[in-house]
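My numbering puts the first residue of the sequence shown at 45, with every later residue one more than the last. We put the CB at the ideal spot given by N, CA and C, even for glycine. Because the structure is a prediction, the values reported are computed rather than measured. To keep things clear, I will list the structure first and then write my remarks on it.
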Amino acid sequence: MDLYTKNGKPLQVANDFVYSRSGVPVGRIRGEKVFGPDGRYVGSIVGDRLVYRSTESAAIGSPFSVAHRAGSAKAHRASSAIWGDEPNIPD
45 MDLYTKNGKP LQVANDFVYS RSGVPVGRIR GEKVFGPDGR YVGSIVGDRL
95 VYRSTESAAI GSPFSVAHRA GSAKAHRASS AIWGDEPNIP D
């Protein structure tokens with residue numbers, strides 16, 4: 045699965061986990077939502093984009109721990125007009 049942020053920043057997906065381009069764990073996929081290592085809402089998956097939606101930010105997942113991954117050289121994509129904001133992704 046190829047996944048990008050709303051503004052086109054590439055993300056890595058392995059099993060149910062999402063990582064930043066540099067390999068830092070961003071969150072775990074639960075349905076159409078992604079929750080961070082602390083269990084807080086990170087964003088919603090819309091097509092191939094991860095978008096932060098304040099109306100869904102009250103959702104809470106389970107905290108987890110996962111190791112970092114190797115970085116990726118995937119290129120950025122153009123921004124999207126999808127409703128929502130750019131999620132706060134470390135990189």
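Ignore the nearest five residues each way along the sequence and tell me which others in Gly87's own chain have a CB closer than 6 Å to its CB. Take Gly87, set aside five residues on each side of it, and the residues of its chain with a beta-carbon closer than 6 Å to its own are Val78, Leu94, Val95, Tyr96 and Pro131, in chain order.
Please give me, in chain order, every unbroken run of the beta strand (DSSP E) with length at least 3 that falls completely inside the stretch 49-87. Annotation: the stretch 49-87 contains the following complete segments of the beta strand (DSSP E) (minimum length 3 residues), in chain order: 54-58, 61-63, 69-74 and 77-79.
Kindly identify the DSSP beta-bridge partner or partners of Ile126. Beta-bridge pairing links Ile126 to no other residue.
Can you tell me the Cβ-Cβ gap for Val62 and Val70, rounded? I've got them flagged as a contact below 8 Å. About 4 Å separates the beta carbon of Val62 from that of Val70, a gap short enough to meet the 8 Å contact definition.
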